[in-house]
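As given, the protein sequences belong to chains A and B, one line each in that order.
Residue numbering for the first sequence follows full-length UniProt numbering, starting at 1 and increasing by one per position.
Residue numbering for the second sequence follows full-length UniProt numbering, starting at 1 and increasing by one per position.
Yeah, the Cβ is synthetic: ideal placement off N, Cα and C, and Gly gets one too.
As the structure is a prediction and not an experimental result, all values here were calculated from the model.
Presented below is the structure to which this report refers.
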Amino acid sequence: MAGPKTPAQAPSAVESLWTSYTENTPSRLKLIDSFLVFIMLSGIMQFLYCILVTNYPFNAFLSGFGSTVGQFVLTASLRSQVNPQNKEQFKEVSPERAFADFALGSIVLHFFVFNFLG
Amino acid sequence: MLLILAATIASAAALSITAPKALVLSSDGSQLRSESLVNPPSTPITLHSTDTLKLTFTVQEKDQGVRPHQTFLRFYDADSGEEGIQPVRVSASGKAKFDLNMARPPLSLPPTTDKPIHVSLILGSFTHPPAKIYLFDLVLPESQPPPQHPDEASFHVLPEIQHTFRPEQKVPPKAISAFFAGLVVSPWLVLITLYSSVPQKLTHIGSPNILGFITLLAAFETLLLWYWVDLRLGQVLLYGALLGSLTVAAGNRALSSVAKWRVGK
């Protein structure tokens, strides 16, 4: 089978994945994806602070980190429900209904986060 | 039954003793001191470790010898509160005799110090009122102090408990806090960069339905921020309910218009 050396012209798997992503993904999904990246980075930064420096106001760390995790879950579910390629799976959920659910869930999450933030 | 007893005791004559006498002998039998105890002696009777005290008296009721049901000698140390009770044998005719040999001291003696102990006689009877007669003061050789009860400490104030608490948690130095605050805010820059690189067209955002819905959502977030700094739970729930009903109505309208636009396209 093919050895460790790949031909110079054939793109690597990562490159072809990236190209396919940028070309084939609708721009709305790309917006949601960038929001997901933002949430992930926020969570990582807060976690690094907690490990490296201090967890002194522990409730603050928990609520901040929990908000990133919760928001990530909500946004990921929104993305999967809004994706046109998933239309077969979500017959009874229109994209607008998905967005309304996302908005309601986010508000409730923010309320609990602010409660715990202190 | 108790009333009859009480009546009998009240009507009976009191017990008394006659011819009380104390004799102190040394170890070789020579007499060191002889006292009549009708009145208590002016000086205490001293016993050394080889001496013997001989005590004699007769218990009488109205000039007739009688044997009371209980006859006790009480040795009482007024300073320490220690006391010892020694029963005394009384014959049927009321004659009583008690020997105290310091070479073999009885177990009923209390722990002694260098202070004198008061010796008194206690007579108890079912048919006579009780009698307590002070006899004399006695100085005995010093004994070991009484042993301390193992629970003694719990009857006094215990030492105060000193608690050690975990040291207060401190806020890290400002430079580190500032650096990490910047680090945590940096994803916003990433987000803005990514958003600007995605080509998209915001059609229909000008329509009043959609704008109204978005403003109401922003108002909800502002309400939560206000709750974080100022409001109380009841207030935020009340305002949230009001705002929520408005938002639901606006959202219904906005999203159905978007759906119509999407399906129509």
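- Linking residue 19/B to residue 28/B through their CA atoms gives a straight-line distance of about 26 Å.
- Between the stretch 126–143 of chain B and the stretch 39–48 of chain B there are three or more C-beta pairs closer than 8 Å, enough to call the two in contact.
- Of the residues assessed, residue 38/B falls on the exposed side of the cut-off, its CB having fewer than 16 other CB atoms within 10 angstroms.
- About 14 Å separates the Cβ atoms of residue 117/B and residue 106/B, ruling out a contact at the 8 Å cut-off.
- Residue 31/A reaches chain B at 194, 195, 198, 200, counting residues in chain order whose Cβ is nearer than 9 Å.
- Our two residues, residue 118/A and residue 170/B, have alpha carbons roughly 17 Å apart in a direct line.
- Uninterrupted alpha helix (DSSP H) stretches at least 4 residues long and entirely within the stretch 58–118 of chain B do not occur.
- With fewer than 16 other Cβ atoms from the protein chains shown falling within 10 Å of its own Cβ, residue 186/B counts as exposed.
- Contacts with chain B at 9 Å (Cβ-Cβ) do not include residue 79/A.
- For residue 23/B, there is no enclosing alpha helix (DSSP H); the enclosing beta strand (DSSP E) covers residues 16–25.
- Between residue 92/B and residue 30/B, the alpha-carbon positions lie close to 31 Å from each other.
- Chain A places no beta carbon closer than 9 Å to that of residue 253/B, leaving this residue out of the contacts.
- By DSSP's assignment, residue 131/B forms a beta bridge with 123/B.
- If you ignore the 5 residues before and after residue 115/B, its C-beta comes within less than 6 Å of the C-beta of 79, all in its own chain and listed in chain order.
- Taking the Cα positions, residue 108/B is about 32 Å away from residue 157/B.
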